[in-house]
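For the protein sequence lines, the chains are A and B, in the order given.
Per our numbering, residue 40 is the first one in the first sequence, and the count goes up by one each step.
Per our numbering, residue 40 is the first one in the second sequence, and the count goes up by one each step.
Ideal Cβ positions, reconstructed from N, Cα and C, are used throughout, including at glycine.
Quantities reported herein were computed from a predicted structural model and do not represent experimental measurements.
Structure first, commentary second.
Number of protein chains: 2
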Amino acid sequence: MLQKRIDDQPLISREMMREAEQILHSHLKRVGLKHTAQRDTILRTFLETREHLSMDELHRLVKRKDPRIGFTTVYRTLKLLAECGLASEVAFHDGIARFEHQYNRRSHHHMVCTDCGGSVEFFSPEVERLEQEIGRKHHYVTTRHTFQIYGLCESCRKKASGSRPPV
Amino acid sequence: MLQKRIDDQPLISREMMREAEQILHSHLKRVGLKHTAQRDTILRTFLETREHLSMDELHRLVKRKDPRIGFTTVYRTLKLLAECGLASEVAFHDGIARFEHQYNRRSHHHMVCTDCGGSVEFFSPEVERLEQEIGRKHHYVTTRHTFQIYGLCESCRKKASGSRPPV
DNA sequence: GGCCAAGTTGAAAATGACTTTCAAAATGCC
DNA sequence: GGCATTTTGAAAGTCATTTTCAACTTGGCC
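Now the structure itself:
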């Protein structure tokens with residue numbers, strides 16, 4: 040429990056938060072949009088999270104700070120954050136779009152448990168290399184890729200083997 | 040034109056088609072379902088395609104052979120084909136599910152052009168190896184993965200550089 | 001500090017890709 | 001052929017997103 044709590048503390052320092060706000064604000068200025076309290080609240084809430092959130096989950100967190108902020112605004116702000124590189128979409132292939140913040144983070148991928156929905160992050164520079172290599176081979180200029188692994192995590196596997204004997 | 044035509048001929052021989060029908064029929068029998076003309080028509084149409092089709096695209100092709108077959112039946116049959124391993128889903132991350140037939144085909148991945156939507160297949164045994172390796176490391180029993188690369192194909196890049204000078 | 005054009009907000013409606021429902025029709029075991 | 005069981009397809013339902021629109025803010029300007 041205590042461990043959990045420590046682990047839940049914000050990932051991001053005050054300076055990083057400020058820097059991210061700067062990035063958003065200059066993006067807004069660049070494209071002629073306005074600076075609003077809602078957008079700041081949403082950015083902060085988003086940066087305080089770890090892992091990946093659906094729009095709905097983020098909206099729920101945002102409402103704790105300001106109950107009057109609507110889903111639509113969270114939706115639009117998340118798109119904005121993605122535009123300026125502060126957020127990026129991860130598709131877990133279950134019909135729900137998830138976002139994670141790209142602030143100060145190494146490129147990584149996810150392995151998802153198809154039973155409990157849990158996931159682990161992993162880092163694999165080989166995947167980046169493959170992207171480049173395959174793009175070159177087929178004359179594509181590559182911009183990004185998706186890579187997810189699906190399977191059963193250890194605890195779901197143990198749960199499952201309770202009902203029938205292990206192979 | 041002639042080249043195109045030759046390239047458009049069915050991928051699959053009569054024997055392979057028959058074999059696939061056998062697979063479907065025994066699957067139907069196994070799970071207590073019935074053999075219908077619609078299911079056969081849909082399977083055949085599907086096997087005659089290359090690349091990946093959305094449900095809607097397959098439905099359109101199926102209607103050419105029998106205009107009375109509805110979208111719902113195509114939808115349900117595609118699920119059935121996926122169940123018995125004749126079809127598998129590919130997610131291109133644009134909100135549309137696509138399927139390709141797994142008949143007599145090496146495991147492969149796709150690189151998608153974000154401008155024209157075209158795609159190329161590529162083969163990369165390294166990705167399979169990575170799946171195993173990463174699963175083992177985190178105590179997952181992996182079942183599958185997704186890997187797609189996104190970028191600009193050569194011709195879209197040339198099109199784009201027409202309006203502004205190349206870098 | 002107040003004005004106002006332009007942008008923002010959020011509730012509600014629309015979209016679109018599936019997914020389910022249901023009554024009529026087809027299948028296949030006897 | 002008889003009949004329980006499945007299948008079919010049109011239509012309705014879901015559900016995550018996306019758009020609409022009228023009321024509200026923001027920021028540049030005086």
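CA-CA distance, GLU96/A to ARG103/A, rounds to 11 Å. Listed in chain order, the non-local C-beta contacts of HIS184/A below 6 Å within the same chain comprise GLU170, local neighbours out to five positions each way being set aside. In this structure, DSSP gives LEU119/A a helical state, which the three-state scheme calls helix. For LEU63/B, not one C-beta of chain A is nearer than 8 Å to its own C-beta. Within the segment 69-108 of chain A, complete alpha helix (DSSP H) segments of at least 4 residues are found at 76-86 and 94-104, given in chain order. When DSSP states are grouped into helix, strand and coil, CYS192/A belongs to the coil group. Within the segment 158-174 of chain B, those residues whose Cβ lies closer than 8 Å to any Cβ of chain A are, in chain order, VAL159, PHE161, SER163, GLU165, VAL166, LEU169, GLU170, ILE173 and GLY174. The alpha-carbon separation between PHE110/A and MET94/A amounts to approximately 8 Å.
For a Cβ distance threshold of 8 Å, residue set HIS178 and TYR179 of chain A lies close to GLU193/B, ordered along the chain. Excluding its 5 nearest sequence neighbours in each direction, LEU117/A has C-beta neighbours in its own chain below 8 Å: ILE81, PHE85, MET94, LEU97, ALA126 and PHE138, listed in chain order. Interface residue (Cβ-Cβ distance to chain A less than 8 Å): ILE188/B is classified as such.
In chain order, THR116 place their CB closer than 6 Å to the CB of ARG78/A, counting only its own chain and leaving out the 5 sequence neighbours on each side. Between HIS149/A and GLU165/A, the C-beta spacing is not below 8 Å. Rounded to the nearest whole angstrom, the CA to CA distance from LYS197/B to GLY190/B is 13 Å. Beta-bridge analysis with DSSP links CYS155/A to no other residue.
Here GLN61/A has no same chain residue with a Cβ atom under 6 Å from its own Cβ, once five neighbours each way along the sequence are excluded. Taking 8 Å as the CB threshold, ALA130/B lines the interface with chain A. Residue pairing of MET150/B in beta bridges, as defined by DSSP: VAL159/B and ILE188/B.
Between the alpha carbons of ARG99/A and ARG57/B lies a gap of roughly 53 Å. Annotated three-state conformation of PHE110/B is helix, per DSSP.
Under the Cβ criterion of 8 Å, HIS91/B is not counted among the residues facing chain A. Close CB contacts of SER158/A within its chain, under the 6 Å cut and outside five residues either way in sequence, are with HIS149 and VAL151 (chain order). Here the alpha carbons of ALA136/A and THR112/A stand approximately 16 Å from one another.
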